[in-house]
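Read through the structure below, which is laid out as structure tokens, and then see the notes.
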Amino acid sequence: MRFWRSATYAKFFGHVDRASGIYYKRWAKGPIHSIAATLFLPRKQVHRWDNVGYFQPPSSHCPADYNRFHSNSKCFCDLLKNFELQPHSCDPLWAQLPARKEFIDSHT
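Residue numbers are given in the numbering used here: position 48 of the sequence shown equals residue 638, and the series is strictly consecutive.
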């Protein structure tokens, strides 16, 4: 909770709000939280839910472990429509982000 109440997050959220992304572009809280966590938190505090399916039109995330989730009909997901495989996905850049030891707080 410290991060979500921090001055850093407040400034980030204020910028997103002033840019009219929430109202006019209908940016949801999930992507806003994900972007903030990626930008400001250490990688070890950000958990990637690779084996959890997620669908919110127009994006979807399919669990990566095919044998565990898809072959036994526990998950119905079109792997070819997985967001991480789309050209506009930033997922390939995730591994290239610099590691931080603690979250960036504008008051520290």
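Beta carbons are placed, not taken as given, at the ideal position from N, Cα and C, and that holds for glycine.
One thing to note: C667 has its Cβ within 9 Å of the Cβ of F645. Excluding its 5 nearest sequence neighbours in each direction, A627 has C-beta neighbours in its own chain below 8 Å: F593, Q635 and V636, listed in chain order.
Rounded to whole angstroms, the gap between the alpha carbons of S650 and V642 is 11 Å. Distance from the CA of M591 to the CA of G604, rounded to the nearest whole angstrom, comes to 18 Å.
Ranking A609, P647 and N657 by CA distance to the CA of G620 puts P647 first.
Counting every other CB atom within 10 Å of its CB across the protein chains shown gives P682 a total below 16, marking it as exposed.
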